[in-house]
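Chains as they are written, first to last, in full-length UniProt numbering: chain A, 1 to 325; chain B, 1 to 434; chain C, 1 to 207. Positions of the beta carbon are idealized from the N, C-alpha and C atoms, including for glycine. One structure is given below, encoded as structure tokens.
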Amino acid sequence: MKRHLVSTADLTRDDALLILDTAEELAQLSGRAVKKLPTLRGRTVVNLFFEDSTRTKTSFEVAEKRLSADVINFSAKGSSVSKGESLKDTALTLQAMGADAVVIRHHASGAPARLAQSDWLHGSVINAGDGTHEHPTQALLDAFTMRRHLNAGPGKDLAGRRVTIVGDVLHSRVARSNVHLLTTLGAEVTFVAPPTLLPIGIQNWPCEVSYDLDAVLPKTDALMMLRVQRERMNAAFFPTEREYSRRYGMNGIRMAQLPEHAIVMHPGPMVRGMEITAEVADSPRCTAVEQVANGVSIRMAVLYLLLGGATLADSPRTESVETAQ
Amino acid sequence: MTSYLIRNAQILGGAPQDLHIADGVFKAIGTGLAVEADIEIDATGLVALPGLVDLHTHLREPGREDAETVLTGTRAAAMGGFTAVHAMANTTPVADTAGVVEQVWRLGQEAGYCDVQPVGAVTVGLEGKQLAELGAMHESAAGVRVFSDDGKCVDDAVLMRRALEYVKAFDGVVAQHAQEPRLTEGAQMNEGQVSGELGLGGWPAVAEESIIARDVLLAAHVGSRLHVCHLSTAGSVEIVRWAKSKGWDVTAEVTPHHLLLTDELVRTYDPVYKVNPPLRTAEDVQALRKALADGTIDAVATDHAPHPAEDKDCEWAVAAMGMVGLETALSVVQQTMVDTGLLNWEGVADRMSHRPARIGRLTGQGRPISVGEPANLVLFDPAYRGAVNPESFATRSRNTPYKGLDLPGRVHATFLRGRATVLAGELAEQGGLA
Amino acid sequence: MTTHREPTPRPPHQVLDGTDITRVVTRIAHEIVERAKGAEDVVLLGIHTRGVHLARRLHARLAQITGREIPLGTLDITMYRDDLRLKPARALEHTEIPPGGIDGKLVILVDDVLFSGRTIRAALDALNDIGRPRAVQLAVLVDRGHRELPIRADYVGKNLPTSLREAVQVRLSDSDGVDAVLVGDRDFASRSSQAMAAEPSAPHLPE
């Protein structure tokens, strides 16, 4: 594995399976009286959140604490030089404090990549969601959840499993991370969205695209509903909330069209009434809550694999800077 | 005034000849010249081109002297072989009054490294609401003939029409930064395969092309001259080609970086590649090279846009747009146009000196290398190969996308009206003599 | 005498064969029954990798002797190792605690080679987080000495005095296709993961 987790595109099949298998082992911990391992004692992990995200931040924090890391929460708002401290100065500060890893959530796509490539800090960079780019640990926990339901067991992948991802693909970091990871694991991915919410060039992504949710449902093993923010309506991505949920929302009638074994997933937070009805969200086929629990195991696995062994953070970096073309 | 005898220079890449420069003009040109001169230069292997003219330079003064000043910017220009630059209007305060353009013009005179021809803003404060005093700027000492809101698009169709019409009175030209603002809200890079994957706000080609299409029609309608800044897409080329085929008075420029770099580089998220208009696709690059070769695109303009380190040493979204380019322009053109066989040195002289001077209506610049003409000259060594080292730049800023890249050629000497501003690759340490 | 010889690596020689190993396992099983008074509250925990195989064999033998199924589990001590930072992060093995848990039980840890004692130290730490056994005992196939911690085995298949230059390899049919215990020079031996990795303070670390 690389020393950073910035994009799921960087993960080989072996890397991905190692993370899933490790998470599977670590998941046992939640059933124990002492839910803690000494593994990251003495390692300092900084949660650097430029964007509010109680869910992801809490999940990382639980994972870090269960591995006995020293946890520092560093909330930062706005980072342009005009507004305050730059990302660079923040990074230099964290480096000076001896951060072994930085878990970063940032509103700007590419901020974690920038941090990872810079010589601003030496520790591992873990992307906890950047702009509309990627959210690798979310994709990993999604794959983990799918594997448990569709092809359980260590070393197993998702070969041939059909995953349908519905909603605002254009603005979704979850969708981007998932399409890389799921195809690496052998799954067949179909995006379903109104054409306005699909990125330009998606025809070259390793996935199918459909505008018709009802046509895809019977051929789906795992259905992932993405959050659709109401404010998208104002930018003319779709006419009304009602029309969106009629065409692309998940409801009880549509759920009945899914194969019996199929699961309904949601990365949260759910907008009930928009992309998903309460009937579906509260049904036993919906794995939203399970996904949250799995998130802790996945994040522990990632932290352990990046920080548990020898790391480059123990010695200064000497890598050279890449040049253009 | 120092006189020069340049031995064996290949004028426009032709057979070696000697040039005698004295009193600011070419005194004699021929083989085996037997004249006395203060300084003799062996130019064996060097190509002689007329002093380059840049239609699009950001000198940042007044306002952002931390990024560039007229002095540092014109020193960079001289190092790049330029003898005249058009200084863009988006300074602080904006160059929208006779006072500001005269100040910039005078600073250029005092620096003495190349002619600084200020560009006037089309609208007050570049705000696209009210015409600036275009006539006053023209009548000022700066004698402004090129007007541009560069950095911003004059997107109001009525305002654009009026500006095109108004400047006819003094043979002016509006240089449009073609960018439909609504289609580029939050845009961070070219919209396409790469932007979709990177999750960066897309900047569609149509946002540029729709404005160019509208503007050429407007220019035709009112019978005015239009210049299109930094063309970046294959579609823009087609529109300009069509307009020219109609006989309309439309000219266009392309930047060196759009001739070489593509949006694939954005995958690094390194803001050194963040520029407006954005780097486009390989197909666009090929179309731009071809259009420059066949003359559809009239000129190479650097869009030299210096920024202080902190505006690039950050995450992509908040980084400033722009690249420095004066000192690498000729090398990039050699690599993309000459070494590829698309353009010979005569063509380079046309696209980087004659035509831009004509578009800017500069007198005494972009003239042929012949006896009696002002001695604006660059001696260029096309055989040189070396990695670009930003630390050696004369510009105050370091935001070059070519750092560490092997580019061909380097400027050996630059002459501004017979005076060497660069000699043996070194800046002449004098100023204020123009 | 041999100490004066040139240090040309010696090919490994066999000290226990398959029959020996079977006999040793049987003997340990009988010792457990005898010392644990019928092994009523015993829980066997095999330490990965070869300790798990041995625990399984002990379990089968104990079933034959006592006519009862002794609870059997596995223990991965990776997360408790004291040498984690000397190598890239390792893949985890499966830890499986039998349904009855270990609280109040006599836990017998099973491993192939007892060397520095660091593996067992890590295993004791792991147990501490899992529950509170009545007592913990240790069964090993080979004790090769060179302890770096105050740890001893309760059941030993074979005491094997070795030099630090030597490596002990335990091969079990479950993972290696054959049952054997070999001793050879470290440089020569293809390493036994347990024998080598359990010894972080060794002068030459595997590359």
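Quiz item: Residues of chain A with CB under 7 Å from residue 130 of chain C, in chain order?
Solution: For the purposes of this step, residue 130 of chain C is taken as the residue at position 130 of the third sequence. Near residue 130 of chain C (Cβ distances below 7 Å), the residues of chain A are 32.
Quiz item: What whole-angstrom Cβ distance do residue 276 of chain B and residue 322 of chain B have, given they're in contact under 8 Å?
Solution: In the second sequence, the residue the question calls residue 276 of chain B occupies position 276. In the second sequence, the residue the question calls residue 322 of chain B occupies position 322. Their Cβ separation, rounded to whole angstroms, is 7 Å, which keeps residue 276 of chain B and residue 322 of chain B in contact under 8 Å.
Quiz prompt | Residue-chain proximity (residue 122 of chain C, chain A), Cβ-Cβ < 7 Å | solution = The count along the third sequence starts at 1 and reaches residue 122 of chain C at position 122. False, the Cβ-Cβ gap to chain A never drops below 7 Å.
Quiz prompt | Residue from B:255, B:256 and B:240 whose Cα sits closest to the Cα of residue 249 of chain B | solution = Here residue 249 of chain B corresponds to residue number 249 of the second sequence, with the count starting at 1. Nearest of B:255, B:256 and B:240 to residue 249 of chain B, Cα basis: B:240.
Quiz item: In or out: residue 157 of chain C buried (at least 16 other Cβ within 10 Å) or exposed?
Solution: Here residue 157 of chain C corresponds to residue number 157 of the third sequence, with the count starting at 1. By the neighbour-count rule (16 or more Cβ atoms within 10 Å), residue 157 of chain C is buried.
Practice problem: Tell me, please, whether the CB atom of residue 5 of chain A is closer than 7 Å to any CB atom in chain C? | Solution: By 1-based counting over the first sequence, the position of residue 5 of chain A is 5. Judged by the 7 Å Cβ criterion, residue 5 of chain A is not in contact with chain C.
Self-check item: Supposed close pair residue 288 of chain B, residue 231 of chain B - CB separation, criterion 8 Å
Solution: On the second sequence, residue 288 of chain B is found 288 positions in, with the first residue counted as 1. On the second sequence, residue 231 of chain B is found 231 positions in, with the first residue counted as 1. Residue 288 of chain B to residue 231 of chain B, Cβ: 7 Å. Contact.
Practice problem: Within the same chain, show all residues whose beta-carbon is closer than 6 Å to that of residue 18 of chain A, passing over the 5 residues directly before and after it, in chain order. | Solution: Along the first sequence, read from residue 1 onward, the residue named residue 18 of chain A stands at position 18. Closer than 6 Å at the Cβ level, and outside the excluded window around residue 18 of chain A, lies no residue.
Quiz item: Between A:288, A:253 and A:243, which lies nearest to residue 264 of chain A when the distance is taken from Cα to Cα?
Solution: What you label residue 264 of chain A is simply residue 264 of the first sequence in a count that begins at 1. Residue 264 of chain A has its Cα closest to that of A:288, out of A:288, A:253 and A:243.
Quiz item: If you draw a straight line from the C-alpha of residue 142 of chain C to the C-alpha of residue 113 of chain C, how long is it?
Solution: Here the question's residue 142 of chain C lines up with position 142 in the third sequence. Here the question's residue 113 of chain C lines up with position 113 in the third sequence. Cα-Cα distance, rounded: 5 Å.
Quiz item: Quick one: does residue 53 of chain A have its CB under 7 Å from some CB of chain B?
Solution: Numbered from 1 along the first sequence, position 53 holds the residue referred to as residue 53 of chain A. No, residue 53 of chain A does not count as interfacial toward chain B.
Exercise. Would you tell me roughly how many angstroms separate the C-alpha atoms of residue 279 of chain B and residue 191 of chain B, rounded to the nearest one?
Key: To locate residue 279 of chain B, count along the second sequence from 1; it is residue 279. To locate residue 191 of chain B, count along the second sequence from 1; it is residue 191. Spanning the two alpha carbons is a distance of roughly 10 Å.
Quiz item: In chain order, what residues of the region 183–211 of chain A put their CB closer than 8 Å to some CB of chain B?
Solution: 199, 200, 201, 202, 204 and 205
Quiz item: With 7 Å set as the bound, which would you pick, yes or no: does the beta-carbon of residue 133 of chain A sit closer than that to a beta-carbon of chain B?
Solution: The residue you call residue 133 of chain A lines up with position 133 of the first sequence. Cβ-Cβ to chain B under 7 Å: yes for residue 133 of chain A.
Quiz item: Going along the region 281–296 of chain A in order, which residues come within less than 9 Å of chain B, judged by CB to CB distance?
Solution: none
Quiz item: Buried or exposed: which applies to residue 86 of chain B, given that a residue is buried once 16 or more other Cβ atoms fall within 10 Å of its Cβ?
Solution: As a working note, residue 86 of chain B is residue 86 in the second sequence. Result: buried.
Quiz item: Below 8 Å, can you find three or more Cβ-Cβ pairs linking the region 292–303 of chain A to the region 241–254 of chain A?
Solution: no
Self-check item: Cutoff 7 Å; reference residue 204 of chain B; Cβ partners in own chain excluding five residues on either side
Solution: Counting from 1 along the second sequence, the entry for residue 204 of chain B is found at position 204. If we look at residue 204 of chain B and ignore the five residues flanking it on each side, its Cβ neighbours are 183 and 191.
Quiz prompt | Length-filtered (4 minimum) alpha helix (DSSP H) runs lying within the region 249–289 of chain A | solution = 252–257 and 278–281
Self-check item: Sub-7 Å separation of residue 379 of chain B and residue 43 of chain B beta-carbons
Solution: By one-based count along the second sequence, residue 379 of chain B stands at place 379. By one-based count along the second sequence, residue 43 of chain B stands at place 43. Yes, the Cβ-Cβ distance between residue 379 of chain B and residue 43 of chain B is below 7 Å.
Practice problem: Determine the direct distance from the alpha carbon of residue 187 of chain B to that of residue 520 of chain B, and round the result to whole angstroms. | Solution: In the structure as shown, chain B starts at 1 and stops at 434, and residue 520 of chain B therefore has no counterpart that could be examined.
Self-check item: Spatially closest choice to residue 50 of chain C from C:183, C:18, C:175 and C:82, by CA coordinates
Solution: The residue you call residue 50 of chain C lines up with position 50 of the third sequence. Among C:183, C:18, C:175 and C:82, the Cα nearest to that of residue 50 of chain C is on C:175.
Quiz item: Any idea what DSSP makes of residue 74 of chain C, helix, strand or coil?
Solution: For the purposes of this step, residue 74 of chain C is identified with residue 74 of the third sequence, where counting begins at 1. Here residue 74 of chain C sits in strand by DSSP.
Exercise. Decide if residue 309 of chain B is buried, meaning its Cβ has at least 16 other Cβ atoms within 10 Å, or exposed.
Key: As a working note, residue 309 of chain B is residue 309 in the second sequence. Result: exposed.
Practice problem: For chain D, find out if any of its Cβ atoms is closer than 7 Å to the Cβ of residue 25 of chain A; answer yes or no. | Solution: Here the protein chains are A, B and C, and chain D is not one of them.
Quiz item: Should residue 105 of chain C be flagged as near chain A, meaning a C-beta pair shorter than 7 Å?
Solution: Here residue 105 of chain C refers to the residue found at position 105 when the third sequence is read from its first residue. No, residue 105 of chain C lies away from the interface with chain A (no Cβ there is under 7 Å from its Cβ).
Quiz item: Between which two residues does the alpha helix (DSSP H) carrying residue 30 of chain C extend?
Solution: Sequence index remark: in the third sequence, residue 30 of chain C carries index 30 (1-based). First-last of the alpha helix (DSSP H) with residue 30 of chain C: 18–35.
Quiz prompt | Where residue 74 of chain A sits in the DSSP three-state scheme | solution = Taking the first residue of the first sequence as position 1, residue 74 of chain A is located at position 74. Looking at residue 74 of chain A - three-state DSSP - the assignment turns out to be strand.
Practice problem: Kindly say whether residue 15 of chain A, judged by its beta-carbon, lies nearer than 7 Å to any beta-carbon of chain C. | Solution: Counted from its first residue, the first sequence places residue 15 of chain A at position 15. It does not: the Cβ of residue 15 of chain A has no partner Cβ on chain C nearer than 7 Å.
Self-check item: Beta-bridge partners of residue 408 of chain B, as assigned by DSSP
Solution: Here the question's residue 408 of chain B lines up with position 408 in the second sequence. Residue 408 of chain B is bridged to B:385.
Self-check item: Span separating the alpha-carbon of residue 16 of chain B from that of residue 30 of chain B
Solution: Locating residue 16 of chain B in the second sequence gives position 16, counting from the first residue. Locating residue 30 of chain B in the second sequence gives position 30, counting from the first residue. If you take the alpha carbons of residue 16 of chain B and residue 30 of chain B, they lie about 9 Å apart.
Quiz item: Roughly how many angstroms lie between the CA atoms of residue 61 of chain B and residue 36 of chain B, to the nearest whole one?
Solution: Within the second sequence, the letter at position 61 stands for residue 61 of chain B. Within the second sequence, the letter at position 36 stands for residue 36 of chain B. One C-alpha to the other measures close to 41 Å.
Exercise. Grab me the residues of residue 132 of chain C's own chain with a C-beta within less than 6 Å of its C-beta, minus the 5 sequence neighbours each way, in chain order.
Key: Translated into positions along the third sequence, residue 132 of chain C becomes position 132. Once the five neighbours on either side are set aside, the close Cβ partners of residue 132 of chain C are 103.
Quiz item: When you compare only the Cα positions, how much space is there between residue 80 of chain A and residue 371 of chain B?
Solution: By one-based count along the first sequence, residue 80 of chain A stands at place 80. By one-based count along the second sequence, residue 371 of chain B stands at place 371. For residue 80 of chain A, the predicted structure reports a pLDDT of 43, less than 50, and the residue's modelled location is therefore unreliable. A value from the coordinates is still provided. If you take the alpha carbons of residue 80 of chain A and residue 371 of chain B, they lie about 55 Å apart.
Quiz item: Just reading off the beta strand (DSSP E) that residue 185 of chain B is part of, what are its end residues?
Solution: Position 185 of the second sequence, counted from the first residue, corresponds to residue 185 of chain B. From DSSP, residue 185 of chain B is part of no beta strand (DSSP E); its letter is neither H nor E.
Quiz prompt | Cut-off 8 Å between Cβ atoms - residues of its own chain near residue 24 of chain B, not counting five sequence neighbours on either side | solution = On the second sequence, residue 24 of chain B is found 24 positions in, with the first residue counted as 1. These residues qualify, in order along the chain: 1, 374, 375, 417, 418 and 419.
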